[in-house]
Amino acid sequence: MARIEGVVLPNEKRIEYGLTYIFGVGLTRSREVLVKTGIHADTRVKDLSSDQVSAIQKYISTSIKVEGELRKEVTLNIKRLQEIGCYRGARHKKSLPVRGQRTKTNARTRKGPRKSGNVVANKKIVSKK
3 MARIEGVVLP NEKRIEYGLT YIFGVGLTRS REVLVKTGIH ADTRVKDLSS DQVSAIQKYI
63 STSIKVEGEL RKEVTLNIKR LQEIGCYRGA RHKKSLPVRG QRTKTNARTR KGPRKSGNVV
123 ANKKIVSKK
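Printed below as a string of structure tokens:
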């Protein structure tokens with residue numbers, strides 16, 4: 003069981019995919035870390051020695067912003083956009099898509115479940131005589 007930057011990596015996965023469980027490390031960055039530390043990408047997480055785990059930990063902590071530090075930076079960037087009152091900041095405040103996506107249909111992930119306020123209450127159906 004390898005623990006890097008406070009994240010427990012899954013034992014059965016290859017190390018190149020296991021490292022992607024760390025926030026801020028994708029597949030490209032994961033492969034870069036493995037090349038710099040000299041660890042083979044086919045190695046399973048459970049087969050890593052403690053020296054290899056410490057080498058990965060040291061490289062990630064010194065050269066890459068990950069986890070808490072990265073989350074804090076992203077949060078501060080969004081807060082800055084909201085404070086200066088720009089369009090992107092306003093979209094963040096309203097929980098709407100920020101990057102130009104349509105909202106008439108779709109955007110349910112960002113907007114949340116549909117609200118039933120669009121139904122007219124007690125609408126009478128007119129019958130023909």
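Residue 119 in the working numbering sits at position 117 of the sequence shown; the count goes up by one each step and never skips. Glycine included, every Cβ here is placed at the ideal spot set by N, Cα and C.
Between the alpha carbons of residue 48 and residue 18 lies a gap of roughly 13 Å.
Sixteen is the threshold: when 16 or more other Cβ atoms of the shown chains lie within 10 Å of the Cβ of residue 58, as they do, the residue is buried.
When C-beta atoms of the segment 76-89 are compared with those of the segment 21-36, fewer than three pairs fall below 8 Å, so the two segments do not count as touching. Under the criterion of beta carbons closer than 8 Å, residue 44 and residue 16 qualify as touching, at roughly 6 Å. In this structure, residue 83 places its C-beta atom within 8 Å of the C-beta atom of residue 90. In its chain, beyond the 5 residues on either side, 24, 59, 62, 63, 68 and 69 have a beta carbon closer than 8 Å to the beta carbon of residue 7.
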